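Trainee:
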Amino acid sequence: FQGVTGSSGAGRIPNALLQVVHYLVDHGLEVQAAVDRPRVHGQEGVLYLEPGLELSGWDGAVERFDAPSLFFGGAHTVVRQAGRLFAAADRRREGVGVAG
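For the sequence shown, the residue numbers in my numbering are 33 to 132.
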């Protein structure tokens, strides 16, 4: 894996970035698909979930969002694959990803 990702989101930044890298490395997704995947965030005993995520084995509090949300950060990402650069802009924020 060769790439860079960054996000806004204060204390939620590490979770957002780790999830994007997880989808890129462990699932082999294309960069835009990895950035677009639903996210989860845990904080103070509450799990926050975007639509499309299922949960089992958790007895704590859960807050489900109705749509992808900037709450989960806005991870803009660039990766190098097969000698080419590919960029993705997080649709939770404004902007576009362009790489050359």
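Where a beta carbon is used, it is the ideal one built from N, C-alpha and C, also for glycine.
Since the structure is predicted, the reported quantities are computational estimates derived from the model, not experimental observations.
Can you have a look at phenylalanine 104 and say buried or exposed, based on whether 16 or more other CB atoms are within 10 angstroms of its CB?
Mentor: Reading the sequence shown from its first residue, position 72 is the one you call residue 104. Its Cβ being crowded by 16 or more others within 10 Å, phenylalanine 104 is buried.
Trainee: Quick check on DSSP: helix, strand or coil for alanine 131?
Mentor: As a working mapping, residue 131 is identified with position 99 in the sequence shown. The answer is coil: DSSP assigns alanine 131 none of H, G, I, E or B.
Trainee: Are valine 63 and valine 111 closer than 7 Å when you measure CB to CB?
Mentor: The residue given as residue 63 occupies position 31 in the sequence shown. The residue given as residue 111 occupies position 79 in the sequence shown. Closer than 7 Å, so yes.
Trainee: Between the alpha carbons of glutamate 82 and alanine 42, how many angstroms are there, rounded?
Mentor: To locate residue 82, count along the sequence shown from 1; it is residue 50. To locate residue 42, count along the sequence shown from 1; it is residue 10. Approximately 18 Å between the Cα atoms of the pair.
Trainee: Got a sec? Which residues, its chain only, sit under 6 Å from alanine 121 by beta carbon, not counting five neighbours each side?
Mentor: For the purposes of this step, residue 121 is identified with residue 89 of the sequence shown, where counting begins at 1. Within the same chain, alanine 121 has close Cβ partners His108, Gly127, Val128 and Gly129.
Trainee: Output needed for glutamine 34: all residues of its chain with C-beta closer than 7 Å, excluding positions within five of it in sequence on either side, in chain order.
Mentor: Residue numbering aside, residue 34 sits at position 2 when the sequence shown is read from its first letter. Val111 and Arg112.
Trainee: For phenylalanine 97, collect the residues of the same chain with a Cβ closer than 6 Å to its Cβ; drop the 5 residues on either side in sequence, then sort them by chain order.
Mentor: Counting from one through the sequence shown, the residue named residue 97 turns up at place 65. Hits under 6 Å: Glu82.
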